[in-house]
Every structure is written in C-alpha cells, then in structure tokens.
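Novice: So the protein lines, in turn, are chains B and C.
The first sequence: position 93 = 93 (our numbering), numbered continuously.
The second sequence: position 107 = 107 (our numbering), numbered continuously.
By construction, the Cβ of each residue, glycine as well, lies at the ideal position given by its N, Cα and C atoms.
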Amino acid sequence: MSALATAYWRPVYGYLRLHWRKPHDEAADLTQDFFAHALEKDLLARFDPARARLRTFLRACIDRVAAEDGRAARRLKRGGGTAAARFDFEAARAAIENAAGAAEAPDVLFEREWARGMFAAALERLRELCAREGKSQHFTLLEQYDLGTGTDRPSYAELARQLGIATTDVTNRLAWARRKLREVLLELLRECTGSESEVREDARALLGLDGP
Amino acid sequence: MTRLDNAALARLRQSMREPDLSGTRYQLDGVAGTGGMGTVYVVRDTELGRRVALKVLDVQDPEVEARLRREAEVLARLEHPGIVPVHDVGRLGDGRGFYTMKLVQGERLDRYAATHLSLPERLRVFLRIAEAVAFAHARGVLHRDLKPQNVMIGPFGEVLVLDWGLAKVLSDPSPARPGGSYLR
Numbered sequence: 001m002s003a004l005a006t007a008y009w010r011p012v013y014g015y016l017r018l019h020w021r022k023p024h025d026e027a028a029d030l031t032q033d034f035f036a037h038a039l040e041k042d043l044l045a046r047f048d049p050a051r052a053r054l055r056t057f058l059r060a061c062i063d064r065v066a067a068e069d070g071r072a073a074r075r076l077k078r079g080g081g082t083a084a085a086r087f088d089f090e091a092a093r094a095a096i097e098n099a100a101g102a103a104e105a106p107d108v109l110f111e112r113e114w115a116r117g118m119f120a121a122a123l124e125r126l127r128e129l130c131a132r133e134g135k136s137q138h139f140t141l142l143e144q145y146d147l148g149t150g151t152d153r154p155s156y157a158e159l160a161r162q163l164g165i166a167t168t169d170v171t172n173r174l175a176w177a178r179r180k181l182r183e184v185l186l187e188l189l190r191e192c193t194g195s196e197s198e199v200r201e202d203a204r205a206l207l208g209l210d211g212p
Numbered sequence: 001m002t003r004l005d006n007a008a009l010a011r012l013r014q015s016m017r018e019p020d021l022s023g024t025r026y027q028l029d030g031v032a033g034t035g036g037m038g039t040v041y042v043v044r045d046t047e048l049g050r051r052v053a054l055k056v057l058d059v060q061d062p063e064v065e066a067r068l069r070r071e072a073e074v075l076a077r078l079e080h081p082g083i084v085p086v087h088d089v090g091r092l093g094d095g096r097g098f099y100t101m102k103l104v105q106g107e108r109l110d111r112y113a114a115t116h117l118s119l120p121e122r123l124r125v126f127l128r129i130a131e132a133v134a135f136a137h138a139r140g141v142l143h144r145d146l147k148p149q150n151v152m153i154g155p156f157g158e159v160l161v162l163d164w165g166l167a168k169v170l171s172d173p174s175p176a177r178p179g180g181s182y183l184r
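1. Report the three-state DSSP secondary structure of residue 165 (chain B) (helix, strand or coil).
2. Under a CB-based cut-off of 8 Å, is residue 157 (chain C) close to chain B?
3. Can you name the residues of chain C whose CB is closer than 7 Å to the CB of residue 125 (chain B)?
4. Hey, quick one: how far does the alpha helix (DSSP H) through residue 238 (chain B) stretch, first residue to last?
5. Starting from the N-terminal side, write out each stretch of the alpha helix (DSSP H) that is 4 residues or longer and does not extend beyond the stretch 27-75 of chain B.
6. Since I believe residue 44 (chain C) is in contact with residue 29 (chain C) (beta carbons under 8 Å), could you give me their beta-carbon distance rounded to a whole number of angstroms?
7. At what residue ranges does the stretch 75-106 of chain C contain a whole run of the beta strand (DSSP E), taking only runs of 3 or more?
8. Between residue 93 (chain C) and chain B, is there a C-beta pair that is closer than 8 Å?
9. Just checking: is the beta-carbon of residue 68 (chain C) within a distance shorter than 8 Å of some beta-carbon in chain B?
10. What does residue 181 (chain B) reach in chain C if we use C-beta pairs closer than 9 Å?
11. Using the three-state DSSP reduction, which class does residue 39 (chain C) fall into: helix, strand or coil?
12. Please decide whether residue 146 (chain B) counts as near chain C, where near means a Cβ-Cβ distance under 8 Å.
13. Using only CA atoms, which one of C:9, C:113, C:20, C:65 lies nearest to residue 38 (chain C)?
14. Tell me which residue opens and which closes the beta strand (DSSP E) that residue 153 (chain B) is part of.
15. Is there contact here, the stretch 120-130 of chain C with the stretch 87-97 of chain C, by at least three beta-carbon pairs under 8 Å?
16. Cutting at 6 Å between CB atoms, please list the residues of its own chain near residue 17 (chain B), excluding the five before and the five after it.
17. On the CB-based measure, 16 or more other CB atoms within 10 Å of its CB, does residue 156 (chain C) come out buried or exposed?
18. Looking at residue 130 (chain B) and residue 7 (chain B), is the spacing between their C-beta atoms short of 8 Å?
19. Please report the distance separating the alpha-carbon of residue 75 (chain C) from that of residue 165 (chain B).
20. Under a Cβ-count criterion, where at least 16 other Cβ atoms within 10 Å of its own Cβ denotes burial, should residue 146 (chain B) be classed as buried or exposed?
21. When we look at the beta-carbon of residue 197 (chain B) and count the other beta-carbons within 10 Å, is it buried (16 or more) or exposed?
22. Which residue's Cα is closest to the Cα of residue 98 (chain C): C:12, C:78, C:70, C:4?
23. Could you tell me if residue 142 (chain C) is buried or exposed, where buried requires 16 or more neighbouring beta carbons within 10 angstroms of its beta carbon?
24. Go to residue 25 (chain C), then tell me how far its beta strand (DSSP E) extends in each direction, as first and last residue.
25. Which residue from C:153, C:73, C:166, C:171 puts its Cα closest to that of residue 82 (chain C)?
26. Let me check understanding here. Comparing Cα to Cα, which of B:176, B:35, B:50, B:148 lies closest to residue 9 (chain B)?
27. Taking the beta carbon of residue 111 (chain B) as the centre, do at least 16 other beta carbons fall within 10 Å, making it buried, or is it exposed?
28. Find out if the Cβ-Cβ distance for the pair residue 133 (chain C), residue 146 (chain C) is shorter than 8 Å.
Structural data, given as structure tokens:
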C-alpha cells in the first residue's frame with residue numbers, strides 16, 4: 001500500500017480537482033481519506049487484473065468515494081486521514097491548477113501524474129540506494145543531466161570538470177544510474193500491479209511508448 | 001521527494017527508453033523507427049567505424065524477446081541481396097534483448113510508389129521483392145507480413161524486404177524447386 005500511495009496520491013488528488021471539481025482542501029482531504037479507506041478495507045484484495053488495469057480500478061473506486069454524499073463531512077469529523085504528513089498537496093496544487101487552466105482532460109492528467117509519481121518514488125529509492133552503496137555521485141550526475149530545470153543540458157565534459165572526474169566516468173556512472181532507475185521503476189510497478197503482463201503494459205505507458 | 005517538472009519527466013522517460021549501450025561497441029546516433037516489438041536505433045559501431053541499425057525491445061518480455069531472437073536467426077539464415085543482413089545479437093546492460101543489422105537508408109515502398117509511377121519501375125521492384133521472398137521460401141521461411149511498409153528502396157534502387165518478426169520457419173522445408181509453393 002505504501003508504494004501504491006506514493007505512486008498514486010498525486011493522480012488521485014489531480015483527478016478529484018479536475019474531474020470532480022473539488023476545491024483544494026476538499027480534494028486533499030478526500031485523497032487522504034481514499035488511501036486510509038483503501039488500507040482499512042484492503043481495497044486491493046478486490047482488484048482483479050483480468051478485468052481491468054489497476055489505474056482503471058482505482059479511478060472507479062475514487063469515483064465511488066467522491067460520489068458518496070455526506071462523506072466529506074464524516075471524514076472531517078474523524079479529523080482526516082493519517083497520511084497528511086506524507087502528501088505534499090501544496091506542491092501539487094500549482095501543477096494541477098495549471099493543468100486546469102490548460103483545459104487538460106482529467107484522464108490525461110491522471111496518467112501523467114501517475115507517471116510523475118512513479119518516477120519521483122523511483123528516484124527516491126535510487127537516491128537511498130546510491131547513498132547506501134557509496135554512489136551518491138552517480139545520483140548527482142543523474143540529477144544534473146536528466147533532472148535539470150533548464151533546457152540546455154550540461155555536456156559530459158562539463159560535468160566531468162565540475163566533479164573532477166574523467167568523462168568516461170561520467171558516461172559509466174550515468175549509465176549505471178539510469179540502469180538502476182529502470183530496475184527500480186520496474187520493481188515499483190511490480191509492487192503496484194497484479195501481473196507480469198500488466199507490469200509490461202504499464203512500463204510501456206510509463207515510458208511514454210503508447211502515445212501522449 | 002524529488003520535484004519533477006514536465007521537461008524533466010520527458011527527459012527521464014526518454015532516457016529510460018534509450019538502449020543502455022554501456023559496455024558495448026555501439027554509440028547511440030538516433031532513432032530510425034518504432035514498431036510493435038521495439039524500436040530501431042541508429043548506432044555507430046566503434047570497432048568497425050560504421051553506422052548500423054540496432055533493434056531493441058522497449059520493455060523486457062520473454063515472449064517478445066523470443067520473437068526478436070527468432071527474427072535475428074531467420075535473417076542470419078537468409079543471406080540474399082534483397083534481405084537485410086544481421087550482424088550481431090545479444091542482451092544490453094539493462095537486460096533488454098537486441099540485434100544489429102545493416103542500416104538501410106531509403107524510402108519505404110508505399111511512399112516510393114507514390115512518386116515512381118512508371119510501370120517498368122514498378123515491375124522491377126516487384127520482381128526484386130519476388131526474388132527475395134522466393135529465396136526465403138526455398139529455405140523454408142515464410143515472411144507472413146509482406147506489405148509495402150516492410151519494403152525499403154535504397155538510394156541506388158536496391159530493394160530490401162524488412163521486418164521478419166512474424167516470419168515462420170517451416171520445420172521440414174522442401175528443397176528449392178522452381179514453381180513449388182509454400183502457401184498454406
């Protein structure tokens with residue numbers, strides 16, 4: 001459930017904002033409530049990968065939760081879910097509101113936020129792995145080359161100069177970090193999906209191989 | 001938690017799609033095309049100083065990998081001027097299966113035919129395709145996906161039949177015989 005919540009809280013929050021037109025506070029509350037409910041009721045036990053993809057199943061569950069009248073009031077009385085500290089709703093708010101301004105379809109947003117959540121969770125795992133294995137520089141290279149905010153990437157030679165290593169080291173360490181990130185992503189997908197065939201389908205979607 | 005803007009997400013997705021060529025003799029030059037089974041990249045073979053095409057699975061999948069491997073093996077047994085030659089087969093550092101083949105640069109037949117309308121030219125291309133397919137049949141190989149999109153016309157007019165991913169190898173091919181048929 002932890003991997004599921006990490007990967008899906010943003011798309012769930014965004015979907016509630018765009019599809020259900022929930023205001024920020026209510027969508028944040030409902031998101032927490034949804035994961036608390038999923039944990040409490042062992043929602044995943046009801047998921048049948050032969051019938052639908054996990055994302056489709058989750059969207060149907062969210063629709064049910066959001067459609068229930070009076071639920072928000074009951075939730076507020078209980079004091080909300082338990083995951084508030086882990087979900088940074090304020091950080092997600094601007095991105096979702098920008099998407100709303102661009103009139104983006106809720107299902108497109110759901111897919112993209114799911115991908116963003118998966119990559120963000122995988123990057124955290126990779127960062128921890130690199131720290132444990134004394135390879136923090138490998139992660140730094142990935143951050144500087146692949147995660148930089150500017151449009152121009154630094155060259156391998158520039159990175160080598162900055163870090164005082166050979167250009168071939170940049171090539172090899174970056175390749176290692178990417179290889180590990182790919183492994184971690186697939187590992188996360190396996191934790192969040194029901195079958196190997198769904199892992200492969202989701203991997204294609206995650207890598208942007210199935211259209212926009 | 002790492003913040004990922006849209007540009008960083010797009011870059012990461014691209015990085016994860018690209019083949020892991022570390023530890024190989026190849027360097028990435030670009031993308032040649034995409035298909036159902038995987039993507040064909042243009043790579044530089046640093047040992048021989050030439051560009052070749054590298055076909056790699058997008059996602060690890062034992063069933064699809066077996067098809068990719070079979071395609072490479074089919075190509076390896078079909079040495080013919082009208083069939084693209086395979087150079088190498090293996091597995092990349094990221095675990096994905098791949099093979100390399102001659103880089104065919106030219107125009108797909110469906111596009112070529114739209115601008116080369118003369119009957120003699122069409123007949124010439126048709127005969128080259130028929131020769132390549134007859135050669136494959138004589139070696140017990142059925143292409144099973146023959147269409148203009150899978151035929152390439154090179155800059156010197158050479159005709160190459162591509163994409164043997166659905167090919168079937170007959171278990172007991174008859175020897176080559178003019179007029180013989182493998183249609184089933």
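Specialist: Once the coordinates are examined:
1. coil
2. no
3. Correct list: empty, because the minimum Cβ distance to chain C is about 11 Å.
4. The question about residue 238 (chain B) has no answer, for chain B in this structure spans 1 to 212.
5. 54-67
6. 6 Å
7. 86-91, 97-102
8. yes
9. no
10. 12, 15, 16
11. strand
12. yes
13. C:65
14. Segment: none, residue 153 (chain B) is in no beta strand (DSSP E) and carries neither H nor E.
15. no
16. 27, 96
17. exposed
18. no
19. 43 Å
20. buried
21. exposed
22. C:70
23. buried
24. No beta strand (DSSP E) holds residue 25 (chain C); DSSP gives it neither H nor E.
25. C:153
26. B:35
27. buried
28. yes
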